[in-house]
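For reference, the structure discussed in these notes is given below.
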Amino acid sequence: MLEDRISALIATLAEMECAIGALSEIQTQAGLARVNVLLRSLRSGDVGAALRRHWRASRPGGRGGGVRLVLSAVS
Numbered sequence: 001m002l003e004d005r006i007s008a009l010i011a012t013l014a015e016m017e018c019a020i021g022a023l024s025e026i027q028t029q030a031g032l033a034r035v036n037v038l039l040r041s042l043r044s045g046d047v048g049a050a051l052r053r054h055w056r057a058s059r060p061g062g063r064g065g066g067v068r069l070v071l072s073a074v075s
């Protein structure tokens with residue numbers, strides 16, 4: 001009885017470790033995709049849009065509210 005419960009717990013922990021690994025991989029891929037979009041925008045010359053996208057993506061809660069990024073060009 002106790003051995004069965006322990007075996008079930010160990011199996012559950014192993015599944016959870018696999019799930020955490022998969023989620024970490026997804027998080028890494030999402031971060032890399034954000035960086036690629038930022039680099040593409042920078043290369044196209046649209047620095048303002050690139051920084052706004054990066055700023056929105058990196059803020060907790062995503063869109064709306066919060067601090068506003070203001071860019072100004074100095075000649």
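Read in order, the letters of the sequence shown correspond to residues 1 to 75 in UniProt numbering. By construction, the Cβ of each residue, glycine as well, lies at the ideal position given by its N, Cα and C atoms. Since this is a predicted model, take the numbers as computed values, not measurements.
Taking just the CA atoms, how far does VAL37 sit from SER44?
Their Cα atoms are separated by approximately 11 Å.
Kindly indicate the opening and closing residues of the alpha helix (DSSP H) around GLY45.
Premise fails: GLY45 is in no alpha helix (DSSP H) and is neither H nor E.
Going by beta carbon distance, what residues of the same chain come within less than 8 Å of ALA57, once the five residues before and after it are set aside?
Only ARG34 meet the Cβ criterion.
Does DSSP put ALA16 in a helix, in a strand, or in coil?
The sequence shown places Met at residue 16, rather than the Ala named in the question. Three-state result, MET16: helix.
Which class does SER7 belong to by DSSP, given the choice of helix, strand or coil?
Here SER7 sits in helix by DSSP.
Cα separation between THR28 and ILE6?
Cα to Cα, the separation comes out at about 33 Å.
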